[in-house]
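K.L.:
First the structure, which I've put down as structure tokens, then a few questions once you've had a look.
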Amino acid sequence: MHARTHITLALTLSALLPMQACAATQQAGTAEPEIPGYTMGDRTVRKAPITLGELEEIKKSLLMSDEDIRYLRMSRGVLEPHVEELVGVWYGFVGGNPHLLKYFSNSAGEPDGEYLARVRARFERWVLDTAAAEYDQEWLDYQFEIGRRHHRVGKNATDNADAIDHIHFRHLPALTIPVTTTLRPFLERGGHSAEEVDKMHAAWVKSVLLQSILWSYPYVNDGDF
11 MHARTHITLA LTLSALLPMQ ACAATQQAGT AEPEIPGYTM GDRTVRKAPI TLGELEEIKK
71 SLLMSDEDIR YLRMSRGVLE PHVEELVGVW YGFVGGNPHL LKYFSNSAGE PDGEYLARVR
131 ARFERWVLDT AAAEYDQEWL DYQFEIGRRH HRVGKNATDN ADAIDHIHFR HLPALTIPVT
191 TTLRPFLERG GHSAEEVDKM HAAWVKSVLL QSILWSYPYV NDGDF
């Protein structure tokens, strides 16, 4: 595809996919919609291969404190009204970069709109879950489920998608930067002080890096994680 096509596609993804992802919300009225493929807390999710104690060790290595968790909680109220727009920015980034968009494209090389919409709905929920995470067993188990869905051991299965079956590891830690950098302007919308925005943003950087570490488990040799 030419560069102009990628720009057009990015804008299309940002503009159209929120409507697809939120269709269930409109149909359900005030009830919380069911998100296809979202299984946190479901009995089908396998238990994490590390303990809660080991999770705490990773958090300590990241200098992730109770204060960070408090500022993550604060960020939820700021981000929730803008979550569709925020994820639209991230989707525009993916749509504008062919090396990322290919992971959501079918065998003919065309973006799979249904697959993108289903993932987007879960991505929007991920924003809220990140801000409200309890770091309990259900949360930990689900992080490893997310990791499997990026790796060839599980990618495409949840959505029955016809796409490249493996997201290469190099992009998982790299995407911490565009996600957290583009997040900051949204954190500034809540009317909080500059210091509070800084602390919310720092907490998000730690949380996203923590999750990308956990998602990397399928990519690491047995016994090395």
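For the sequence shown, the working numbering gives the first residue as 11, with consecutive numbering after it.
Don't be surprised by glycine CBs; every beta carbon is placed ideally from N, CA and C.
1) Taking the straight line between their C-alpha atoms, what separation do you get for Ala-167 and Arg-159?
2) In the structure shown, what three-state DSSP assignment does Pro-121 receive?
3) Compute the Euclidean distance between the alpha carbons of Arg-162 and Ser-115, then round it to the nearest angstrom.
4) How would you label Asp-78, buried or exposed, when you count the other beta carbons within 10 angstroms and need 16 or more for buried?
5) Taking Cβ to Cβ, would you say Asp-122 is nearer than 8 angstroms to Ala-171?
6) At what residue ranges does the segment 56-80 contain a whole run of the beta strand (DSSP E), taking only runs of 3 or more?
7) Taking the DSSP output, what are the residues bridged to Ser-115?
8) Is Gly-157 buried or exposed, if buried means 16 or more other CB atoms sit within 10 Å of its CB?
9) By Cβ distance below 7 angstroms, which residues in the same chain neighbour Tyr-113 in space, the five residues on each side in sequence not counted?
10) I need the DSSP call for His-176, collapsed to helix, strand or coil.
11) Go ahead and label Gly-102 buried or exposed: buried means 16 or more other beta carbons lie within 10 angstroms of its beta carbon, across all protein chains shown.
12) Looking at the secondary structure, which residues open and close the alpha helix (DSSP H) in which Pro-183 lies?
13) Rounded to whole angstroms, what's the CA-CA distance from Ile-187 to Trp-225? Just pull it up for me.
14) Output yes if chain B places a C-beta closer than 8 angstroms to the C-beta of Ile-79; else output no.
15) Please report how far the alpha carbon of Val-189 lies from the alpha carbon of Ala-141, in whole angstroms.
16) Taking 8 angstroms as the threshold, find out whether the segment 94-108 comes into contact with the segment 207-225 through three or more Cβ pairs.
17) Give me the Cα-Cα distance between His-181 and His-202, rounded to the nearest whole angstrom.
18) Would you mind reading off the limits of the alpha helix (DSSP H) that contains Tyr-101?
19) Using the rule of at least 16 other Cβ atoms within 10 Å of the residue's Cβ for burial, across every protein chain shown, is Ala-70 buried or exposed?
20) Mapping the DSSP letters down to three states, classify Ile-45 as helix, strand or coil.
P.N.:
Straight from the coordinates:
1) About 8 angstroms.
2) Of the three classes helix, strand and coil, the one that applies to Pro-121 here is strand, per DSSP.
3) Cα to Cα, Arg-162 sits roughly 15 angstroms from Ser-115.
4) By the neighbour-count criterion, in which 16 or more other beta carbons inside 10 Å mark a residue as buried, Asp-78 falls on the buried side.
5) Their beta carbons are under 8 angstroms apart, which means Asp-122 touches Ala-171 by this criterion.
6) Counting only runs of 3+ residues, no beta strand (DSSP E) is found wholly inside the segment 56-80.
7) Under DSSP, Ser-115 shares a beta bridge with Pro-121.
8) Around the C-beta of Gly-157, 16 or more other C-beta atoms lie within 10 Å, and the residue is accordingly described as buried.
9) Listed in chain order, the non-local C-beta contacts of Tyr-113 below 7 angstroms within the same chain comprise Ala-173, Ile-174 and Ile-177, local neighbours out to five positions each way being set aside.
10) In this structure, His-176 counts as coil in the three-state DSSP scheme.
11) With 16 or more other Cβ atoms inside 10 Å of its own Cβ, Gly-102 counts as buried.
12) Per DSSP, the unbroken alpha helix (DSSP H) holding Pro-183 starts and ends at 181-184.
13) Going from the Cα of Ile-187 to the Cα of Trp-225 covers about 16 angstroms.
14) Checking the listed chains, one finds no chain B in this structure; it contains a single protein chain.
15) Linking Val-189 to Ala-141 through their CA atoms gives a straight-line distance of about 14 angstroms.
16) The segment 94-108, when compared against the segment 207-225, does not touch it at the 8 angstroms Cβ threshold.
17) His-181 and His-202 have their C-alpha atoms roughly 32 angstroms apart.
18) Segment 93-105, the alpha helix (DSSP H) holding Tyr-101.
19) The sequence shown places Lys at residue 70, not Ala. Lys-70 sits exposed, since fewer than 16 C-beta atoms from the chains shown fall within 10 Å of its C-beta.
20) Collapsing the DSSP output to three states places Ile-45 in coil.
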